[in-house]
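Student: Got a structure here, written out as structure tokens. Questions coming.
Protein chains: 2
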Amino acid sequence: MIRLLLADDQALVRGAIASLLDLEDDLEVVAQVGRGDEVLEAARSSRADVALLDVEMPGLDGIGAARQLKVEYPSCRALIVTTFGRPGYVRLALEAGASGFVVKDTPSGQLADAVRRVAAGHRVVDPALAAESLAAGPSPLSARETDVLIAIRQGNSSGEVASQLHLSEGTVRNHLSSAIGKTGARNASEAARIAAENGWLLA
Amino acid sequence: MIRLLLADDQALVRGAIASLLDLEDDLEVVAQVGRGDEVLEAARSSRADVALLDVEMPGLDGIGAARQLKVEYPSCRALIVTTFGRPGYVRLALEAGASGFVVKDTPSGQLADAVRRVAAGHRVVDPALAAESLAAGPSPLSARETDVLIAIRQGNSSGEVASQLHLSEGTVRNHLSSAIGKTGARNASEAARIAAENGWLLA
DNA sequence: ACTTCGTCGTGACATTTGTCATGACGTAGA
DNA sequence: TCTACGTCATGACAAATGTCACGACGAAGT
Chain A
7 MIRLLLADDQ
17 ALVRGAIASL
27 LDLEDDLEVV
37 AQVGRGDEVL
47 EAARSSRADV
57 ALLDVEMPGL
67 DGIGAARQLK
77 VEYPSCRALI
87 VTTFGRPGYV
97 RLALEAGASG
107 FVVKDTPSGQ
117 LADAVRRVAA
127 GHRVVDPALA
137 AESLAAGPSP
147 LSARETDVLI
157 AIRQGNSSGE
167 VASQLHLSEG
177 TVRNHLSSAI
187 GKTGARNASE
197 AARIAAENGW
207 LLA
Chain B
7 MIRLLLADDQ
17 ALVRGAIASL
27 LDLEDDLEVV
37 AQVGRGDEVL
47 EAARSSRADV
57 ALLDVEMPGL
67 DGIGAARQLK
77 VEYPSCRALI
87 VTTFGRPGYV
97 RLALEAGASG
107 FVVKDTPSGQ
117 LADAVRRVAA
127 GHRVVDPALA
137 AESLAAGPSP
147 LSARETDVLI
157 AIRQGNSSGE
167 VASQLHLSEG
177 TVRNHLSSAI
187 GKTGARNASE
197 AARIAAENGW
207 LLA
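Going down the list, the sequences are from chains A and B.
No gaps in the numbering here: position 1 of the first sequence is 7 in the working numbering, and each next residue is one more.
No gaps in the numbering here: position 3 of the second sequence is 9 in the working numbering, and each next residue is one more.
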């Protein structure tokens, strides 16, 4: 019997996936949480074998939760199940020690198989997504450029970003200019959008 | 027996919700589609009683699909089931003739009840969401301001927006300035973000 | 008929944003 | 040690953006 932990901030989706997987004879959902920072404790107390983690969650994102599990409770393997197939997410997830990566676009019948393969110690990654992730390469952005783009994405002006990060306005503009060049964007907000779509803006 | 149609672009979520609702004795999922523009035909050929519609879908959004159903096949009632509780969405959905509005945050056990109430001819709207939607009021943006913000949100510069909409650059800047004032934003991209969060930018 | 509103346009102006050159500092690798 | 890179900063300049005043047209309501 494979013991499962579900982590997704949308209760309805979480419950629905639970009922889907509970149909399988060899799978058993033993814990459900709605926040990333509750994953580790729940995995321990429920002795879960596999954790299905959404990326977007309050408290801690699913990739961070996978990293925690890998370090603190490695007997529970992490399978990322997310809406967005951002190329950067796949890379980050695998670097964080996740065993698999599945997008919510995949047919529902395949999820149980993915869980079984992960439980058996294999890696499961959507082939198309893996190729895209490999082709896209790692984030070209420096740490500061990433910070600045995250702040810009909230709708802040460059002056506001400067005071938030305790930088001069000129420095922010320099980082922005560099990020615009690297992303091939035409202005700051487009650069932030492109970076987000590539999964380069994980806090 | 209540006959259900599911429309959601994420196959995994769609299948999971199907397995959740199929557990109920009086509910039966008779059709599933992944695009908004396939809803009407599927509802007709499957003689569905209730359609569960996601808002974000390719082809046609769920609110547009609800409008189609209301006009072309009114015996099938529409229940919007979406990730985002944007205030404007609730208003638009009800104006389009939808019978209910549920966010994916709600506990999975309540979905079946919502479906039954809709099937019985009642309206179902999350009370907190209904209040928020009423308090927020309708969109203050004119049609053109909305067009401009939609184009801006893609990362276009005001010049590019002008040529896309066949307007002069000055006119675009005027519409933008007006939209910035109405949204309380500090620049164009923040205005676009605020408008989107309020559900004012449905194509 | 009059007013209001949205739409579209122009021109002028201040501010913001993007680019570039330049320099300093620290870290990491060759 | 030398080099490369990221970080932070300044100053100058061009381009884009935001604001304002003004006018014209048509649709809708009084």
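Just so you know, even glycine gets a beta-carbon here, dropped at the ideal spot from N, CA and C.
When we look at the beta-carbon of VAL61/A and count the other beta-carbons within 10 Å, is it buried (16 or more) or exposed?
Tutor: Note on VAL61/A: 16 or more other CB atoms within 10 angstroms of its CB, so buried under the neighbour-count rule.
Student: Whole angstroms is fine: what's the gap from ARG179/A's alpha carbon to LYS110/B's?
Tutor: In this model, ARG179/A and LYS110/B are separated by some 40 angstroms (Cα to Cα).
Student: Counting contacts by CB-CB distance shorter than 9 angstroms, is LEU59/B in contact with chain A?
Tutor: no
Student: Applying a beta-carbon distance threshold of less than 9 angstroms, which residues of chain A neighbour SER163/B?
Tutor: ARG192, ASN193, GLU196
Student: Given a limit of 9 angstroms on CB to CB distance, which residues of the segment 105 to 126 of chain A reach chain B?
Tutor: VAL108, VAL109, LYS110, ASP111, THR112, PRO113, SER114, GLY115, GLN116, LEU117
Student: Within the 9 angstroms Cβ cut-off, does LEU182/B reach chain A?
Tutor: no
Student: According to DSSP, GLU34/A sits in a beta bridge with which residue or residues?
Tutor: ARG9/A
Student: Tell me the DSSP secondary structure of GLY40/B in three-state form.
Tutor: Coil at GLY40/B, not helix or strand.
Student: Rounded to whole angstroms, what's the CA-CA distance from GLY115/B to ASP14/A? Just pull it up for me.
Tutor: Roughly 16 angstroms between the two C-alpha positions.
Student: Rounded to whole angstroms, what is the Cα-Cα separation between LEU182/A and SER163/A?
Tutor: 11 angstroms
Student: Since I believe LEU147/A is in contact with ALA201/A (beta carbons under 8 angstroms), could you give me their beta-carbon distance rounded to a whole number of angstroms?
Tutor: 6 angstroms
Student: If you measure from the beta carbon of GLN74/B to each beta carbon in chain A, is any gap under 9 angstroms?
Tutor: no
Student: Extract the residue ranges of the beta strand (DSSP E) inside the segment 95 to 179 of chain B, only unbroken runs of 3 or more that lie entirely within it.
Tutor: 106 to 109
Student: DSSP three-state call for THR89/B: helix, strand or coil?
Tutor: coil
Student: From the DSSP secondary-structure annotation, give me the bridge partner or partners of ALA72/B.
Tutor: In DSSP, ALA72/B forms no bridge with anything.
Student: For chain A, is any of its Cβ atoms less than 9 angstroms away from the one on GLY42/B?
Tutor: no
Student: If you check the beta carbons only, do VAL45/A and LEU59/A fall under 9 angstroms apart?
Tutor: yes
Student: Taking contact to mean 3 or more Cβ pairs, one atom from each stretch, closer than 8 angstroms, check whether the segment 126 to 143 of chain A and the segment 87 to 107 of chain A are in contact.
Tutor: yes
Student: Give the range of the beta strand (DSSP E) segment to which ALA57/B is assigned.
Tutor: 56 to 59
Student: Inspect the CB distances between the segment 16 to 26 of chain A and the segment 16 to 36 of chain B and report whether three or more fall short of 8 angstroms.
Tutor: yes
Student: In three-state terms, what does DSSP make of ARG50/B?
Tutor: helix
Student: Look at the alpha carbon of THR89/B and the alpha carbon of GLY106/B, and state the distance between them as a whole number of angstroms.
Tutor: 14 angstroms
Student: Given that SER169/A touches chain B, what residues does it touch there, using C-beta distances under 7 angstroms?
Tutor: Per Cβ cutoff of 7 angstroms: no residues; SER169/A is ~13 angstroms from chain B at best.
Student: Would you say ARG20/B reaches chain A, if we count a Cβ-Cβ gap shorter than 9 angstroms as a contact?
Tutor: Among the CB atoms of chain A, one or more fall inside 9 angstroms of the CB of ARG20/B.
Student: Express the C-alpha separation of ALA71/B and PRO64/B in angstroms, rounding to a whole number.
Tutor: 11 angstroms
Student: So for ALA84/B, helix, strand or coil by DSSP?
Tutor: strand
Student: Which same chain residues, not among the five before or five after ALA48/B, have their C-beta less than 7 angstroms away from its C-beta?
Tutor: Closer than 7 angstroms at the Cβ level, and outside the excluded window around ALA48/B, lie LEU11, ALA37, VAL39.
Student: Which same chain residues end up closer than 8 angstroms to LEU66/A when comparing Cβ atoms and leaving out the 5 residues on each side of it in sequence?
Tutor: Same-chain partners within the cutoff: ARG41, GLY42, ASP43, VAL45, GLN74.
Student: Please look up how many angstroms separate the CB atoms of SER195/A and SER174/B, rounded, as I've assumed it's under 8 angstroms.
Tutor: Contact doesn't hold; Cβ gap of about 22 angstroms is too wide.
Student: Sorted by chain position, which residues of the same chain lie with C-beta nearer than 7 angstroms to VAL167/B's C-beta, five sequence neighbours on each side aside?
Tutor: VAL154, ALA157, ILE158, VAL178
Student: Shorter than 9 angstroms from the beta carbon of ASP132/B to some beta carbon of chain A?
Tutor: no
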